[in-house]
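Under the numbering used here, residues 1079 to 1415 are what the sequence shown spells out, in order. Here the structure comes first, spelled out in C-alpha cells, and everything after it is commentary.
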Amino acid sequence: IVIDPKSGHATHEINVQSQQAGIAVSPDGRRLYVLDGRDYDEGFLRVFDTASWQVIFEIPVPSRAVLLGGNPLSLSGDGRWLLVQRYSYDTEGAPTSIFDTTLLRFRSGLSLDSLLPNTLHFTRMAGRPGHTRIYADLEGALQSFSSTELAPLWTSSTPKTREPGLVISPDEKRLYGLYPDVINGCPGPEGRMPANRMKLLLTVWQTATGRVIRQTDLTQTISVPKATIGRGNRGYLAMSSDGETLYAGWENRLWALDSGTFNLKIELALPFAVDGMTSSVDGTELYLLPTTAATRHPTPGLWTVATESLQLIRHTEDWPRLRVPFMFSGPAPRALR
C-alpha cells in the first residue's frame, strides 16, 4: 500500500501473491522491490517504477524464504545491493543471494562473509547514497563493506538480536544501533518480562574504524517498558537532519535522545505499542504504526509525530489492520509532487 503521509490515505495498492512478501524501496523513491510467489518454491522478484507503477524488471527466485514476522529482502542504504533470503526445504540450506540493482542481476561471486550458509537471517543494513561504505548487522557481528564491490572493511561484535535498529549520521561519521536483549522465559504480570531479564543496548560506532564510541543500556538511564511476550522484540531508530537528536521507539515509548551523550531530551508516552516507524524525507516527522500482535485491543491507524516537539499531530484511523507491516519512506515520484 502506498500512502500519502500528509493525509494518511492510500494512493496506490499492489497485489502480492503471498502474505509473506518481501518489500524494499530505493532511497530516491523511484523503485519498489517486491518478492512474492504462490508458494515457497516458486517466487519472483519484481522491480516497479513508482512513477507509473509498471513492472520494469522481473526475475525468478526459486526457494524464496518465508520469514514469519520478518522481511526476506534487505536493501543497502545506498540502494545498490539487495539481499534476498532463500531457503530450501529439501536441503535445509538458507543461502543469501545478492542482487545488483544497477545491473539488474544476481551477483553469484559476491557474498557477505559473516552470513552462515544454513541460517535464516533478519539482516539490517544502513548507509547513504553517494557514500563509500555500507553496514550490515549479521546476527552477532556488525560489518562494514565498501559500497562498490562489498569488500569487507571492519567487523565489530554485537548482541545476537534478531531485528536491531540501525541508523547512520548525516555526515556518515557515526553509526547507531539499538539492540533489544530479551531473554525469553516465564513472563511476569500482564505478559511482560521480569526487569532483570532484558536490556535495551544503544551503541554508536566510529564508521571509519568500527571503534565503539559509546554503549549504554537504556534500562539503566531512563524508564524503559519491559518487553511483551509475542511482540517480536523490535526496536526502531531515526535521526534528525542535523544529526544532533536520535529518536528511539520501543513498546509504547518514543524518546528523543542527545546523539552524543544519549541523555534524554523528550519522552512521549504512546497510546499503543509501536510496531513500525520511519521518518519523513526532510526529517520533520515520524510515522508510526501500532502493533496488532500480543494485544487484546489493537489501535488501528497511522500516527504522525512532529520531531521538534515530539507531539502526536495526526492520526488516520481508516487504516488496514495489517498484522506484519513493513514501513519505508522515500521521495514521491516527481509526477506526483
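Ideal Cβ positions, reconstructed from N, Cα and C, are used throughout, including at glycine.
I'd like to know whether the C-beta atoms of residue i and residue j end up nearer to each other than 8 Å.
{"i": "Leu1315", "j": "Val1383", "result": "no"}
{"i": "Leu1113", "j": "Val1139", "result": "yes"}
{"i": "Asp1236", "j": "Ala1219", "result": "Inspection of the sequence shows that residue 1236 is occupied by Thr rather than by Asp. Contact flag set, yes."}
{"i": "Ser1189", "j": "Gly1288", "result": "no"}
{"i": "Gly1379", "j": "Thr1362", "result": "no"}
{"i": "Arg1252", "j": "Ile1291", "result": "yes"}
{"i": "Ser1319", "j": "Asp1360", "result": "yes"}
{"i": "Met1203", "j": "Ser1141", "result": "no"}
{"i": "Ser1247", "j": "Arg1158", "result": "no"}
{"i": "Leu1335", "j": "Leu1324", "result": "yes"}
{"i": "Leu1342", "j": "Met1355", "result": "no"}
{"i": "Ser1154", "j": "Gly1205", "result": "yes"}
{"i": "Phe1350", "j": "Thr1377", "result": "yes"}
Nearest CA to the CA of residue i: which residue from the options?
{"i": "Gln1389", "options": "Gly1379, Glu1395, Leu1366 and Thr1377", "result": "Leu1366"}
{"i": "Gly1338", "options": "Thr1394, Leu1280, Arg1392 and Gly1327", "result": "Leu1280"}
{"i": "Glu1091", "options": "Gln1098, Leu1161 and Val1080", "result": "Val1080"}
{"i": "Met1276", "options": "Gln1098, Tyr1254, Gly1157 and Gly1313", "result": "Gly1313"}
{"i": "Leu1163", "options": "Asp1156, Trp1131, Leu1123 and Ile1134", "result": "The residue you asked about is not Leu; residue 1163 is Gln in the sequence shown. The shortest C-alpha separation from Gln1163 is found at Leu1123."}
{"i": "Asp1055", "options": "Leu1278, Trp1283, Ala1286 and Lys1304", "result": "In the structure as shown, the chain starts at 1079 and stops at 1415, and residue 1055 therefore has no counterpart that could be examined."}
{"i": "Gln1427", "options": "Tyr1325, Tyr1254 and Trp1328", "result": "A query on residue 1427 cannot be resolved here, the shown segment of the chain reaching from 1079 to 1415 and no further."}
{"i": "Asp1215", "options": "Leu1256, Ile1176 and Arg1183", "result": "Leu1256"}
{"i": "Val1352", "options": "Thr1369, Ser1358 and Glu1345", "result": "Thr1369"}
{"i": "Glu1136", "options": "Phe1184, His1087, Pro1173 and Ser1358", "result": "Phe1184"}
{"i": "Asp1156", "options": "Ile1344, Gly1208, Thr1128 and Thr1239", "result": "Gly1208"}
{"i": "Gly1321", "options": "Glu1250, Glu1345, Gln1293 and Asn1149", "result": "Glu1250"}
{"i": "Tyr1165", "options": "Phe1177, Asp1178, Pro1150 and Thr1179", "result": "Pro1150"}
{"i": "Leu1160", "options": "Glu1345, Gln1132, Val1125 and Ala1172", "result": "Val1125"}
Taking the beta carbon of residue i as the centre, do at least 16 other beta carbons fall within 10 Å, making it buried, or is it exposed?
{"i": "Asp1082", "result": "exposed"}
{"i": "Gly1243", "result": "buried"}
{"i": "Ala1273", "result": "Per-residue confidence for Ala1273 stands at a pLDDT of 48, beneath the threshold of 50, marking its modelled position as unreliable; the derived number appears in the next sentence. Exposed is the call here."}
{"i": "Lys1084", "result": "exposed"}
{"i": "Pro1105", "result": "buried"}
{"i": "Ser1186", "result": "exposed"}
{"i": "Asn1093", "result": "exposed"}
{"i": "Arg1401", "result": "Confidence is the limiting factor: at Arg1401 the pLDDT is only 49, short of 50, which leaves the residue's position unreliable, though a coordinate-based value still follows. Answer is exposed; the Cβ neighbour count stays below 16."}
{"i": "Gln1095", "result": "exposed"}
{"i": "Leu1228", "result": "buried"}
{"i": "Pro1258", "result": "buried"}
{"i": "Ser1130", "result": "exposed"}
{"i": "Thr1089", "result": "exposed"}
{"i": "Leu1182", "result": "exposed"}
{"i": "Ile1134", "result": "exposed"}
{"i": "Glu1421", "result": "A query on residue 1421 cannot be resolved here, the shown segment of the chain reaching from 1079 to 1415 and no further."}
Which first and last residues belong to the beta strand (DSSP E) in which residue i is found?
{"i": "Ser1152", "result": "Leu1151 to Leu1153"}
{"i": "Thr1201", "result": "No beta strand (DSSP E) contains Thr1201, which DSSP labels as neither H nor E."}
{"i": "Tyr1213", "result": "Arg1211 to Asp1215"}
{"i": "Lys1238", "result": "Note, Lys1238: premise wrong, no beta strand (DSSP E); not H, not E."}
{"i": "Thr1174", "result": "Thr1174 to Asp1178"}
{"i": "Asp1082", "result": "Val1080 to Asp1082"}
{"i": "Asp1295", "result": "Val1290 to Asp1295"}
{"i": "Val1103", "result": "Gly1100 to Val1103"}
{"i": "Pro1248", "result": "Per DSSP, Pro1248 belongs to no beta strand (DSSP E) and is neither H nor E."}
{"i": "Gly1115", "result": "Arg1109 to Asp1117"}
{"i": "Ala1088", "result": "His1087 to His1090"}
{"i": "Ile1300", "result": "That residue, Ile1300, is in no beta strand (DSSP E); it is neither H nor E in DSSP."}
{"i": "Pro1138", "result": "Gln1132 to Pro1138"}
_Could you tell me which whole beta strand (DSSP E) segments of length 3 or greater appear in the segment 1306-1390?_
1314-1317, 1323-1328, 1331-1336, 1342-1347, 1352-1357, 1363-1368 and 1380-1384
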